Amino acid sequence: MRAYLQLLETILETGVAKEDRTGTGTRSIFGHQLRFDLADGFPLLTTKKLHLKSIVYELLWFLRGDTNVEFLNENGVSIWNEWADEEGNLGPVYGHQWRSWGAADGTSIDQISQVQQQIRTQPDSRRMIVSAWNVGQLSDMALPPCHLLCQFYVADGHLSCQMYQRSADVFLGVPFNIASYALLTMMMAQATGLKPGHFVHTLGDAHLYQNHLEQANLQLTRETRPLPTMKINPEVHSIFDFCFDDFQLESYDAHPHIRAPVAV
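The sequence shown finishes on residue 1541 if you use my numbering, and the numbering steps up by one all the way, no holes.
Next comes the structure, spelled out in structure tokens:
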């Protein structure tokens, strides 16, 4: 995960000061790409401990097409609570767009099902894309999607995924996003009879909030450690059939967690 630390260094050294929606202020760069070979291990940061439970349950929540925090809260995950209304609703955010994108004829489009089928039957397609950026519904969302589009690619029996993230909270959000899409790639690969390839993470506005600079510098003093291994239940053969107990992280040796405030 040295590439992630290099991103921190680049922002600290060359980032420009920008104002933002939250009023916190950021140090920002534009246009950066990270690449992870999933054969090298599961890309979970070792320079600070991450809460894998939140990452897994959030991804399962997306794949359910859910947009209410009840499922997350029932499983001890509160990362979306700040944006939910009194009933726990978030509007047509990620899960809705992934599984129920509204079509012009009044029906809905299940993008995840379509992509899973395309990978199985049309692996050379250049249209294996899932988008969460529904312009017509952005104003109805509690938070417009930050990681807004991903594309799958099949070559030599391996499945790779590239994700575009318009807004990247590099200290808090990006480590979660890397692990989440790496896991999605591994799950989709297993569901379609392929091996995991690469996860490519393309960032638009990559920023550190001004109240995360001290924490970022602390993280840069820590040495990286070997990546852990993610074991997935081999009996699952559909992207929709996974549950939390199907994942087992092995050999995760991380430095202590570093606390930082969330900009809402």
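Every residue, glycine too, gets a C-beta built ideally from N, C-alpha and C.
Given the structure is predicted, the values throughout are model-derived calculations rather than measurements.
Where residue i and residue j are concerned, what is the direct C-alpha to C-alpha distance, given to the nearest angstrom?
i: Cys1438; j: Thr1299; result: 31 Å
i: Lys1326; j: Ala1381; result: 45 Å
i: Gly1368; j: Ala1316; result: 37 Å
i: Leu1426; j: Arg1499; result: 32 Å
i: Gln1393; j: Leu1490; result: 40 Å
i: Phe1339; j: Thr1501; result: 30 Å
i: Phe1521; j: Ile1509; result: 10 Å
i: Asp1523; j: Ala1459; result: 15 Å
i: Thr1303; j: Asp1297; result: 7 Å
i: Phe1348; j: Val1370; result: 15 Å
i: Asp1417; j: Gln1467; result: 34 Å
i: Leu1436; j: Met1465; result: 8 Å
i: Arg1404; j: Gln1388; result: 11 Å
i: Arg1279; j: Leu1289; result: 15 Å
i: Gly1383; j: Gln1283; result: 46 Å
Closest to residue i by CA distance: which of the options is it?
i: Asn1345; options: Arg1279, His1478 and Gly1372; result: Gly1372
i: Ser1390; options: Gly1342, Ile1288, Asp1482 and Leu1321; result: Gly1342
i: Leu1311; options: Thr1291, Thr1287, Ala1294 and Glu1296; result: Thr1287
i: Thr1479; options: Phe1339, Thr1398, Thr1469 and Gly1308; result: Gly1308
i: Leu1337; options: Phe1519, Pro1533, His1534 and Ala1540; result: Phe1519
i: Gln1525; options: Val1370, Leu1289 and Leu1329; result: Leu1329
i: Tyr1281; options: Leu1321, Pro1422 and Lys1295; result: Leu1321
i: Leu1420; options: Trp1360, Tyr1334, His1534 and Glu1351; result: Trp1360
i: Glu1364; options: Asn1350, Gln1414 and Ser1377; result: Asn1350
Please list, in chain order, all residues of the same chain as residue i whose beta carbon is under 7 Å from its beta carbon, the five residues on each side excluded.
i: Pro1538; result: Asn1488
i: Phe1517; result: Leu1340
Cutting at 8 Å between CB atoms, please list the residues of its own chain near residue i, excluding the five before and the five after it.
i: Leu1285; result: Val1447, Phe1448, Leu1485, Ala1493, Gln1496 and Leu1497
i: Pro1503; result: Gly1318, Thr1323, Ser1528 and Asp1530
i: Thr1291; result: Ile1306
i: Asp1401; result: Val1431
Might you give, ordered along the chain, the residues of its own chain that have their beta carbon closer than 6 Å to the beta carbon of residue i, omitting 5 neighbours on each side?
i: Arg1536; result: none
i: Thr1469; result: Ile1396 and Arg1397
i: Ile1356; result: Ser1331
i: Ala1445; result: Val1451, Leu1480 and Ala1483
i: Asn1411; result: Gln1374
i: Val1354; result: Ser1331 and Tyr1334
Quick check on DSSP: helix, strand or coil for residue i?
i: Lys1326; result: coil
i: Gly1474; result: strand
i: Gly1372; result: helix
i: Asp1362; result: coil
i: Val1451; result: helix
i: Asp1482; result: strand
i: His1489; result: helix
i: Asn1345; result: strand
i: Ile1278; result: A small correction: the amino acid at residue 1278 is Met; Ile does not occupy that position in the sequence shown. In this structure, Met1278 counts as coil in the three-state DSSP scheme.
i: Leu1340; result: helix
i: Phe1521; result: helix
i: Ser1355; result: coil
i: Thr1291; result: helix
i: Val1513; result: coil
Answer yes or no: the CB of residue i versus the heavy atoms of the ligand MN, is any distance below 6 Å?
i: Gln1393; result: What this structure holds is no ligand at all, so the ligand MN is not there to describe.
The segment 1472-1480 contacting the segment 1510-1517, beta-carbon criterion three pairs below 8 Å: No: fewer than three Cβ pairs fall under 8 Å.
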